[in-house]
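Read through the structure below, which is laid out as structure tokens, and then see the notes.
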Amino acid sequence: MQKRKRRFLKKGQNLMMLRTLRLEKAKKAELQKELTIYNALTKCKLTSSEVVPDVNKLLKSNTIGNLVESLGHGNKNKIRADAADALAHIASGSSEHSNLIAKAGAVPRLIRLLQSPDPEVCEKGILSLGNLLHFAPNLRDYMIRHGLMQKLMSIIQDKSTCTLMLSHVTWVLRKLCISSQPSPPDNAAEIIQALNIVLYNPEANVLEDALMAVRNLAHGNETIQMLLDFEVVPRIIYLLEHPNVTVQNAALQALINIATGSEEQIQELLNNNLLPHLSALMSNSDPDIRCQVLKLLLNIADGNIFQRHAIMNAGLLHKILECLKADAISLKSAAALTITTLAIDKDKNLLCYLMRQGVIPEFCNLLFCQERDILSNVLDILSTMLDVDPSFSAEVSGIIEWSGALNNIRMLQSSEHEEIAAVARKIIGSYFPAKPHIATKF
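Heads up, the sequence shown is in full-length UniProt numbering, so the first residue is 1 and it goes up one at a time.
The structure is reproduced here in structure tokens:
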């Protein structure tokens, strides 16, 4: 055995010298590797104020390949963290940059960083994955197939996870729920379970990201039903009372999307005592909050006649009318759309009540705006009020003339949008016919 080893020794060398030479060679290789990584980090310009290098330059220099190689287990933790940070910066260049990083094999290695005991390595891995998802949502299912959700769930369930790390994880969950694909992720149930945990975190930024993740996920009756089945909705409704306005806004946006579901799913929202919370928020001093509440009420009113009556029985109608008389155009238009939907059943008593509350002049004022949806809805409700009862028509037509909106309706007869032009022509033809010209005798 000794003779076989001696064959690899040069003249004057012994086994101790050979071991020393091998160690020196390994150190040189490690130093060269670190130098290569350092050069890659320098080339990708880590400073966020600098422009991300062009894709062709990155390919030519093999910068991404070197950085991906640096994520491996054999490297120092500092190198792995710096490489992940560099890849996060490159990913922010464009969707092409992010997909190039994924093509180089970075995703599985970045996901493995999430189980590192070194907090910096884990943090940089999470942030890099989040940036990839932000700029290339098409990578969602690819990341899920490589076990991203299992790693995120482990971090969420670990009681020793710090607030900062949990906020990063929730941010990634938010990005994970955004996709260019119409279908929900295959493991939507696992994502909802994770969200149902972080929704009970006291930190406002964690709650905001979790709620926005629900908003992003709540598309289509199937996913909405999953959110209802996992009992996420009661917690979201509770968060409408949160003292932080960003959390309130995010909760409203989540509920707005959930309320796009079926009539049965809308009814489940109402069964969770939603309307009293909305009534309280309609007195909020923030116009953005009130505008979001109106959007949610609009979706509920779009359900069925019983759900429309529930809104009115909850005493919300007079608060909607107050928004119609507000100065902000966003509030006025949102209130107009909601009232139009509430009046879709052409209930004579409701229309009479609306008229007595002075809504017609407010609707007429909205005819001066240029938004297609607003014009269409305002013309529809004015037409409905004129048609519903002959006793209304004289009073309504009188208010339209008095407000100066008649000229606008005349001009809308030639609108480029046929549905608007058709209603305008119907109103003018039926209730404001041209007066016959009487020749003057001399």
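Where a beta carbon is used, it is the ideal one built from N, C-alpha and C, also for glycine.
Host alpha helix (DSSP H) of residue i (start-end)
{"i": "Asp209", "result": "204-217"}
{"i": "Cys352", "result": "348-356"}
{"i": "Ser279", "result": "274-281"}
{"i": "Ser383", "result": "372-388"}
{"i": "Val233", "result": "233-238"}
{"i": "residue 529", "result": "Absent from the structure is residue 529, since the part of the chain shown begins at 1 and ends at 442."}
{"i": "Asn408", "result": "406-412"}
{"i": "Pro433", "result": "No alpha helix (DSSP H) holds Pro433; DSSP gives it neither H nor E."}
{"i": "Cys291", "result": "287-301"}
{"i": "Thr340", "result": "329-342"}
{"i": "Glu268", "result": "263-271"}
{"i": "Cys323", "result": "317-324"}
{"i": "residue 443", "result": "No statement about residue 443 is possible, as the shown extent of the chain runs from 1 to 442 and does not include it."}
{"i": "Gly65", "result": "63-69"}
{"i": "Asp141", "result": "140-145"}
{"i": "His417", "result": "No alpha helix (DSSP H) contains His417, which DSSP labels as neither H nor E."}
{"i": "Asn313", "result": "305-313"}
{"i": "Ser154", "result": "148-157"}
{"i": "Leu367", "result": "It is not in any alpha helix (DSSP H) - Leu367 carries neither H nor E in the DSSP assignment."}
Buried or exposed by the 16-neighbour rule on C-beta atoms within 10 Å, applied to residue i
{"i": "His277", "result": "buried"}
{"i": "residue 444", "result": "No answer is possible for residue 444: the residues shown for the chain start at 1 and end at 442."}
{"i": "Gly429", "result": "exposed"}
{"i": "Ser98", "result": "buried"}
{"i": "Arg356", "result": "exposed"}
{"i": "Ile64", "result": "buried"}
{"i": "Arg6", "result": "Legend: pLDDT at Arg6 = 48, less than 50; position of this residue unreliable, value from coordinates given subsequently. The residue in question, Arg6, is exposed, as its Cβ has fewer than 16 Cβ neighbours within 10 Å."}
{"i": "Phe135", "result": "buried"}
{"i": "Ser49", "result": "Bear in mind that a pLDDT of 46 at Ser49, under 50, signals an unreliable position, so the model cannot answer this."}
{"i": "Pro117", "result": "exposed"}
{"i": "Lys25", "result": "exposed"}
{"i": "Val423", "result": "buried"}
{"i": "Asn273", "result": "exposed"}
{"i": "Leu23", "result": "exposed"}
{"i": "Asn377", "result": "buried"}
{"i": "Gly303", "result": "buried"}
{"i": "Thr47", "result": "For Thr47, the predicted model reports a pLDDT of 38, less than 50, meaning its position is unreliable; a value from the coordinates is still stated below. Classification of Thr47: exposed, given that the 10 Å Cβ count is below 16."}
{"i": "Lys332", "result": "buried"}
{"i": "Asp82", "result": "buried"}
{"i": "Lys57", "result": "exposed"}
{"i": "Ala394", "result": "exposed"}
Within 9 Å, strictly: CB atoms of residue i and residue j
{"i": "His89", "j": "Val52", "result": "yes"}
{"i": "Ile381", "j": "Ile420", "result": "no"}
{"i": "Leu354", "j": "Lys295", "result": "no"}
{"i": "Phe368", "j": "Leu406", "result": "no"}
{"i": "Val169", "j": "Glu208", "result": "no"}
{"i": "Cys323", "j": "Ala310", "result": "no"}
{"i": "Ala337", "j": "Asp373", "result": "Here residue 337 is Leu; the residue named in the question, Ala, does not match the sequence. Yes. Within cutoff."}
{"i": "Leu366", "j": "Met312", "result": "no"}
{"i": "Leu71", "j": "Leu113", "result": "yes"}
{"i": "Ile192", "j": "Asn216", "result": "no"}
{"i": "Val396", "j": "Met385", "result": "yes"}
{"i": "Leu275", "j": "Arg235", "result": "no"}
{"i": "Ile427", "j": "Leu375", "result": "no"}
{"i": "Glu305", "j": "Ile266", "result": "Going by the sequence as given, residue 305 is Ile instead of Glu. The answer is no: Cβ separation not under 9 Å."}
For residue i, the nearest candidate out of the options (CA to CA)
{"i": "Leu176", "options": "Leu132, Ala336, Asn196", "result": "Leu132"}
{"i": "Ile320", "options": "Lys346, Phe306, Gln292", "result": "Gln292"}
{"i": "Glu222", "options": "Val107, Asn201, Asn257, Leu239", "result": "Asn257"}
{"i": "Ile237", "options": "His134, Ala326, Ser383, Leu270", "result": "Leu270"}
{"i": "Ser95", "options": "Ala250, Asn138, Ser262, Asn299", "result": "Asn138"}
{"i": "Ile224", "options": "Leu87, Gln307, Gly93, Ala188", "result": "Ala188"}
{"i": "Val172", "options": "Asn62, Leu316, Asp389, Ala213", "result": "Ala213"}
{"i": "Ile111", "options": "Gly147, Asn77, Lys76", "result": "Gly147"}
{"i": "Asp387", "options": "Lys348, Val206, Ser376", "result": "Lys348"}
{"i": "Gly105", "options": "Gln115, Glu69, Ser128, Asn304", "result": "Glu69"}
{"i": "Ala259", "options": "Leu239, Val233, Ala280, Val245", "result": "Val233"}
{"i": "Gly315", "options": "Ala280, Leu324, Gly303", "result": "Ala280"}
{"i": "Ala328", "options": "Val206, Ile144, Ser285", "result": "Ser285"}
{"i": "Arg145", "options": "Gly220, Glu190, Asn66", "result": "Glu190"}
{"i": "Leu59", "options": "Arg174, Leu100, Lys124, Arg22", "result": "Leu100"}
{"i": "Lys78", "options": "Asn56, Lys124, Ser414, Leu199", "result": "Lys124"}
{"i": "Ser262", "options": "Phe230, Ser283, Ala218, Arg140", "result": "Ala218"}
{"i": "Pro185", "options": "Asn244, Phe306, Met226", "result": "Met226"}
{"i": "residue 485", "options": "Pro119, Leu297, Gln150", "result": "Residue numbering for the chain in the displayed model covers 1 to 442; residue 485 lies beyond these limits and cannot be assessed."}
{"i": "Leu67", "options": "Arg80, Gly74, His73", "result": "Arg80"}
{"i": "Gly93", "options": "Asp229, Lys346, Asp54, Lys426", "result": "Asp54"}
{"i": "Ser167", "options": "Asn205, Ala343, Met153, Ser154", "result": "Asn205"}
{"i": "Asp229", "options": "Asn62, Glu264, Gly398, Met153", "result": "Glu264"}
{"i": "Asn75", "options": "Ala91, Gln413, Arg109, Leu375", "result": "Arg109"}
{"i": "Asn244", "options": "Ala254, Pro202, Gln370", "result": "Pro202"}
Check: residue i C-beta below 8 Å from any heavy atom of the ligand ZN
{"i": "Gly105", "result": "No copy of the ligand ZN appears in this structure; indeed no ligand is present at all."}
Every unbroken alpha helix (DSSP H) within the stretch 169-202, with a cutoff of 4 residues, ordered by chain: 188-198
Complete runs of the alpha helix (DSSP H) confined to the stretch 81-125 [at least 4 residues]: 95-103, 106-113
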